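If you use my numbering, the sequence shown closes out at 254, no skipped numbers anywhere. Every residue gets a Cβ at the ideal spot worked out from N, C-alpha and C, and that includes glycine. Predicted model only: the values in this text are computed from it and were never measured.
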Amino acid sequence: MAQRTVSIASSVGLHARPAAIFVEQASQSGLDVEIGRPGEDAVDATSILGVMALGAKHGEEVVLTAEGEGAEEVLDGLVELLSRDLDAE
């Protein structure tokens, strides 16, 4: 299982538009991807409700995990996405 830790760069956190963009990219991977706070239960990264319920705020660290072929590359792309302020784009 591949894993990455990243800080949320979007100014409003992982809410509404940034969450939708993240969920769309996670869904397109076709892999089992999860997101959660360090030390807490993770949620399905392809579920908009789960990701928004996580309530990750600007500057907060989250842990991404993925399993399957290409998991490292998928997580690299998701880390790059969360490292940008998606509200400013």
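Residue range of the unbroken beta strand (DSSP E) whose run includes residue 192: Here the question's residue 192 lines up with position 27 in the sequence shown. Counting along the chain, residue 192 falls outside any beta strand (DSSP E), though it belongs to the alpha helix (DSSP H) covering 182-193.
Among 229, 237, 234, nearest to residue 187 - alpha-carbon criterion: The count along the sequence shown starts at 1 and reaches residue 187 at position 22. Out of 229, 237, 234, 229 has the C-alpha closest to the C-alpha of residue 187.
For residue 254, three-class secondary structure by DSSP: For the purposes of this step, residue 254 is identified with residue 89 of the sequence shown, where counting begins at 1. Reduced to three states, the DSSP call for residue 254 is coil.
Paired residues, beta bridge with residue 172 - DSSP: Locating residue 172 in the sequence shown gives position 7, counting from the first residue. Partner(s): 226.
Secondary structure of residue 206, DSSP reduced to three states: One-based indexing of the sequence shown puts residue 206 at position 41. Looking at residue 206 - three-state DSSP - the assignment turns out to be coil, as it is neither helix nor strand.
Short Cβ contact (9 Å threshold) for residue 237 with residue 167: Residue numbering aside, residue 237 sits at position 72 when the sequence shown is read from its first letter. Residue numbering aside, residue 167 sits at position 2 when the sequence shown is read from its first letter. In contact: residue 237 and residue 167 (Cβ atoms closer than 9 Å).
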